[in-house]
Each structure stands twice: as structure tokens, then as C-alpha cells.
Amino acid sequence: MSKYWSHITKRIEPYVPGEQPRSTSVIKLNTNENPYPPSPKVLDAIRQHINEDLKLYPSPTADDLKQAIAKYFNVNEKQVFVGNGSDEVLAFSFLAFFNPGRDILFPDITYSFYPVYANLYGLNYREISLTEDFTIPVEQFYDAPGGVIFPNPNAPTGIALTLESIERILKHNREKVVIVDEAYIDFGGDTAVSLIPKYENLLIIQTLSKSRSLAGMRIGFALGNEQLIEGLERIKNSFNSYTLDRLSLAAGKVAIEDVDYFNETREKIMATRERVAKELKNLSFHVLDSKANFLFIRHDTVPSKHIYEKLKEQGIYVRYFKKMRIDQFIRVTIGTETEMDSFIQAVKSIVQN
Ligand code: PMP
């Protein structure tokens with residue numbers, strides 16, 4: 001600890017991201033990226049925008065990208081906010097909608113960036129335990145003192161809530177903002193976008209990192225009531241008016257518009273997930289019911305840490321979390337069919353030896 005650090009620097013426990021190995025020869029199933037490349041149309045758009053205009057600042061209002069998102073979701077442009085990855089949109093949302101001294105509620109097994117943002121901004125929070133079967137106990141999110149945030153589907157469990165359950169949380173928190181982090185919604189969950197006209201306290205956050213294969217470009221967005229979006233714009237313009245660069249703006253627009261490619265790749269991932277889940281169950285794995293591009297799995301007898309380490313020795317990266325209760329599991333991103341064949345082969349020899 002340095003004597004020069006501010007009280008905030010001393011207080012925070014930064015998020016530890018999953019490993020990003022330098023070698024490209026590994027099978028990378030540890031950070032929920034899409035195994036398929038971005039749409040060819042996206043790559044064309046990026047190439048076209050590599051020109052002298054890069055000397056100019058990008059649009060601070062990102063109108064073209066917002067228009068494409070608004071059209072896709074059938075909402076008004078003023079109901080769309082864009083940021084540098086959904087991590088940034090999440091960070092801005094904590095600052096825009098939550099207040100010190102009033103507990104924010106989120107599940108105790110969830111995206112581990114939430115407590116990091118809360119600590120960064122000096123916000124209090126309460127973690128609500130998941131039920132025995134790892135689902136979110138909806139009633140315990142009623143009347144939250146400071147607001148609510150949860151991913152749907154949840155991460156790292158992959159389990160999704162129904163829209164009916166989400167609506168109950170919204171109804172019981174009319175005076176507080178409820179943030180639904182839909183990073184993985186395109187792999188089988190139901191988006192809550194249709195609830196926006198009914199609930200002015202609903203903020204939905206999505207990303208182009210997963211279902212649109214653009215983790216490397218860092219594009220996230222929020223959808224919600226115009227006043228919530230205006231709040232996010234106020235925060236953003238107090239940090240950096242130009243959050244998205246010219247290439248990201250161009251790529252994001254085309255990624256949203258190329259619906260055929262999006263559907264083709266996400267359907268392949270869902271089919272692979274179902275096939276892999278079945279094969280893992282045959283190998284005595286307990287597999288949570290996932291609506292995401294990953295599986296959260298535990299073997300009957302072989303400890304998860306051992307499986308994680310043995311896989312890594314063979315160049316297959318999966319995610320192991322040290323935190324209690326989830327340390328019994330590993331999280332496996334759904335890769336291509338070939339990558340998953342190699343994973344199954346490797347895991348089979350580990351659990352059968
Ligand atoms: N929310 C959840 C639940 C996630 O797992 C992730 C990815 N780690 C994010 C948000 C952030 O994604 P990105 O910043 O790439 O949009």
C-alpha cells in the first residue's frame with residue numbers, strides 16, 4: 001500500500017478478470033467469448049472506417065448506433081444509452097441510480113463486478129443467498145432499500161428468471177431502480193425489453209461482447225425510460241464524452257443490423273450447449289439448467305479444482321472460482337463443436353482415471 005493512495009484506492013478490491021492466455025493454440029472456454037468470428041459485414045464496416053477520418057473525434061452522441069439499437073428493439077432512440085462495454089454501462093448505472101447509505105440488493109452468487117462497483121462508489125449492499133437449487137429467491141428482492149441488480153440469466157450459474165418473476169421484482173420496487181443485466185439473454189432467456197413502457201424503474205443492460213462476437217471492441221448499451229437514460233448521459237458526459245471510438249461505432253451498428261448472422265451463430269451455440277450438457281450428465285456431472293453461452297458444472301466425485309488444473313495442463317482453459325459454494329463448480333464456455341469434442345474427451349479421461 002502506498003502512502004500516496006487516496007482513501008478510495010485503499011478501500012477497493014478490484015475485480016480479477018479471467019485468464020487471457022497469450023498463446024492462440026489453447027482452447028479458450030474461460031471468459032464466455034463467442035467462438036465464432038464477428039459477422040463478415042462487421043469486418044467490412046471496420047475496414048471501410050480505417051481512413052483519415054480517424055483524425056477526427058467520433059460522434060459524442062453515437063446517434064447512428066443508437067438508432068440501429070432502437071430499431072432492433074422497437075424503442076425510441078432516447079431510450080438507448082451506449083458505452084464502452086457493458087462493464088462501463090454498469091459502472092455508470094451504479095453512479096447514476098444508487099445512493100450511499102441505502103442497501104442495494106444482489107444475489108450472493110452473481111457477477112463479481114457488482115460488489116466492486118459498490119465499494120468503488122462507497123455504496124452499501126446486501127447479498128441475497130440463492131436457494132438450494134441455485135435460483136434467485138424473488139420475494140427477497142421486494143422493497144429493496146437502495147435498488148436491485150441481477151443478471152438474467154444469472155452468471156455464473158446460467159439459470160434464467162421468467163419475465164413474470166422479473167415483473168414481480170419491478171412491481172415491489174416502484175421507487176427504486178431495478179437493473180437487469182442481460183449480458184447472456186440471447187442464448188435462450190426472455191428479454192425484459194417489453195416491460196419498459198410499463199415500468200419506469202427498469203434499466204436493461206446488454207452487450208455486443210457475447211452474442212455478437214465483439215468482446216474485443218467493447219460495446220455495451222442500456223435500454224430504459226428516457227429519464228433513466230438521461231441520467232446515464234449526465235454521468236457519461238462527466239467522464240468522457242467520446243466513450244465509443246469511430247471503429248466501434250461503425251462495427252456496432254452493423255453487428256446489430258446483421259440479424260441473420262446473429263441468429264445463425266447463437267442457434268449453433270445453443271445446440272452445442274444442449275449436446276454438451278447431455279454428454280456431461282452421462283459422465284456423472286451435475287449440470288445446472290443454462291440459458292447462457294456457458295455451463296456451470298460439478299462432478300459427483302472428482303473435485304472441480306482438480307478438473308480445472310488437469311484441463312489447463314492440456315491447454316484447455318475453463319473458469320474456476322475460489323469463492324465458497326461455487327468452488328464446487330467449474331464454468332465452461334460453449335465453444336465450437338470441435339473445441340467441445342476436445343473438451344469432452346479431456347474431461348472424460350480426467351474423471352475416469
Ligand atoms: N455482465 C455479466 C453478467 C458478465 O458476465 C459480463 C462479462 N464478463 C459483463 C456484464 C460485461 O461484459 P462486457 O463489458 O464485455 O460488455
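Heads up, the sequence shown stops at 353 in UniProt numbering, and the numbers go up one at a time, no gaps.
Just so it is clear, CB atoms sit at the ideal spot from N, CA and C, and this is done for glycine as well.
Computed from a prediction, not measured in an experiment: that's the story for all the values here.
With contacts defined as CB atoms closer than 7 Å, Asp258 and Lys41 qualify as a contacting pair. Per the Cβ contact rule, the segment 111-119 is not in contact with the segment 134-145 (fewer than 3 Cβ pairs under 8 Å). Checking the 6 Å criterion, the Cβ of Tyr199 is out of range of every heavy atom belonging to the ligand PMP. With fewer than 16 other CB atoms across the displayed protein chains lying within 10 angstroms of its CB, Glu230 is exposed. With 5 Å as the limit, the residues whose C-beta approaches any heavy atom of the ligand PMP more closely are Gly85, Ser86, Asp87, Tyr111, Pro151, Ala155, Asp181, Ala183, Thr207, Ser209, Gly220, in sequence along the chain.
The continuous stretches of alpha helix (DSSP H) do not include Val16, and DSSP gives it neither H nor E. According to DSSP, residue pairing for Ile128 in a beta bridge involves Pro107. Taken in chain order, the whole alpha helix (DSSP H) runs of length 4 or more contained in the segment 194-219 number zero. Per DSSP, Leu249 lies in no beta strand (DSSP E) segment; the continuous alpha helix (DSSP H) that holds it begins and ends at 246-257.
With respect to Leu283, Ile297 sits apart: the two C-beta atoms are not nearer than 7 Å.
Scanning its chain for C-beta atoms nearer than 8 Å, with the 5 sequence neighbours on each side dropped, one finds around Gln48 the residues Ala250, in chain order. When the Cα atoms are used, Arg266 and Phe187 turn out to be separated by approximately 6 Å. With contacts defined by Cβ atoms closer than 7 Å, Gly146 and Arg218 do not form a contacting pair. The secondary-structure analysis by DSSP pairs Val332 across a beta bridge with Leu295.
Nearest to Glu309 by C-alpha distance, out of Glu274, His286, Val347, Met340, is Val347. In the structure shown, Tyr184 adopts coil according to DSSP, grouped into three states.
Shown here for Glu226: same chain residues with a beta carbon closer than 8 Å to its own, the five before and five after excluded, namely Asn76, Lys78, Gln79 in chain order. In the structure shown, the three-state DSSP call for Tyr117 is helix. The C-alpha of Asp260 lies about 9 Å from the C-alpha of Ser39.
Per DSSP, Val351 is not a residue of any beta strand (DSSP E); the alpha helix (DSSP H) it occupies stretches across 337-351. Comparing C-alpha distances from Lys322 to each of Ile316, Pro100, Ile330 shows the shortest one belongs to Ile330. By the Cβ neighbour-count rule, Asn293 is buried, with 16 or more other Cβ atoms within 10 Å of its own. DSSP places Phe97 in no beta strand (DSSP E) but in the uninterrupted alpha helix (DSSP H) bounded by 85-97. In the assembly as shown, Met324 is an exposed residue. Its beta-carbon has fewer than 16 other beta-carbons within 10 Å.
A straight-line Cα-Cα distance of about 21 Å links Lys305 and Ser290. When secondary structure is reduced to three states using DSSP, Tyr317 falls in the strand class. Pairing Ser86 with Thr207 gives a Cβ-Cβ distance under 7 Å. In the DSSP assignment, Phe73 falls within the alpha helix (DSSP H) that extends over 63-73. Counting only residues of its own chain and dropping the five nearest sequence neighbours on each side, Arg273 has a CB closer than 6 Å to the CB of Ile334. The beta carbon of Thr157 is closer than 7 Å to those of Ile109, Phe134, Leu288, Phe296 in its chain, skipping five residues each way along the sequence. DSSP, read as helix, strand or coil, puts Phe262 in helix.
When only Cα atoms are considered, Leu223 and Ile307 end up about 39 Å apart.
About 6 Å separates the beta carbons of Ser93 and Leu203, which is inside the 8 Å limit, making them a contact pair.
With 16 or more other CB atoms across the displayed protein chains lying within 10 angstroms of its CB, Met340 is buried.
Assigned with DSSP and collapsed to three states, Lys3 falls in coil, not helix or strand.
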